[in-house]
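Quick note: the sequence shown uses this note's numbering, first residue 651, plus one each step. We treat Cβ as the ideally placed atom computed from N, Cα and C, and that holds for glycine. Below: one structure, written as structure tokens.
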Amino acid sequence: MRIGLNSGPVIVDSIGDDLGMDYTAVGDTTNLASRIETMARPGTSLVSGNTYKPPGIFSNLSPWEKLR
């Protein structure tokens, strides 16, 4: 399992019919989170700069080596 975290504005829309509704998020923020997820190693999480920046939220994380 891999996790990609990104923060920012998204568009959330409902999809479905009278029998069931579901929701999906789209936009640049969601797209970047998806790309970050594919860059994470199996069994790890990768956090974008937008999410990592706010103080205190992920302050105990150690930086990952630079991507090549």
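Enclosing alpha helix (DSSP H) for residue i [first to last residue]
i	result
A683	D678 to M689
G699	G699 to Y702
C-alpha gap between residue i and residue j, whole angstroms
i	j	result
G670	D663	14 Å
P692	G658	25 Å
G654	A690	7 Å
V660	T680	7 Å
K703	M651	24 Å
I665	R685	23 Å
S656	A683	A quick correction: the sequence has Asn, not Ser, at residue 656. Computed Cα separation, rounded: 5 Å.
Delimiting residues of the beta strand (DSSP E) encompassing residue i
i	result
S657	Here S657 belongs to no beta strand (DSSP E), and DSSP marks it neither H nor E.
For residue i: DSSP bridge partner residues
i	result
D672	I665
Cβ pair count under 8 Å reaching 3, the segment 667 to 677 against the segment 693 to 701: no
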